[in-house]
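Student: Sharing a structure, written as structure tokens. Questions coming.
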Amino acid sequence: MFTEINQRAGLMDDETALQRLEGMSDLHALGRIGSTEEIAEAMAYLICAEWVTGAMIDIDGGLGLGITADPAINQWKETSEHE
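In the working numbering, the protein residues as written are 12 to 94.
Below is the structure:
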């Protein structure tokens with residue numbers, strides 16, 4: 012997630028941040044970048060869920076699974092694993 016803090020620190024400008032986000036869409040299993048609302052919904056659930064304790068939940072659109080929406084990347088991964 013890119014925030015105003017990244018920009019104030021001089022890490023990237025708006026255009027660079029947008030290009031980077033667009034390039035990351037295909038890396039997610041869902042094929043898109045999540046919204047701040049989706050992350051907030053997951054956080055709100057965890058705050059209210061009394062029976063959820065000590066759990067780590069990845070809110071990353073499937074990025075942590077290593078599965079992407081880009082068929083070329085998936086094919087490369089499959090080929091590389093068998094070599």
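For each residue, glycine too, the CB sits at the ideal point set by N, CA and C. From a predicted model like this one, the values you see are computed outputs, not experimental measurements.
Would you kindly work out how many angstroms separate the C-alpha atoms of A28 and E15, rounded to a whole number?
Tutor: 11 Å
Student: With 16 as the cutoff for other CB atoms within 10 Å, does G21 come out buried or exposed?
Tutor: exposed
Student: How would you label G34, buried or exposed, when you count the other beta carbons within 10 angstroms and need 16 or more for buried?
Tutor: Counting Cβ neighbours within 10 Å, G34 comes out exposed, since fewer than 16 surround it.
Student: Whole angstroms are fine: how far does the CA of L76 sit from the CA of G45?
Tutor: 15 Å
Student: When DSSP labels each residue in this structure, what does S46 get in the three-state scheme?
Tutor: The DSSP-derived three-state label of S46 is coil.
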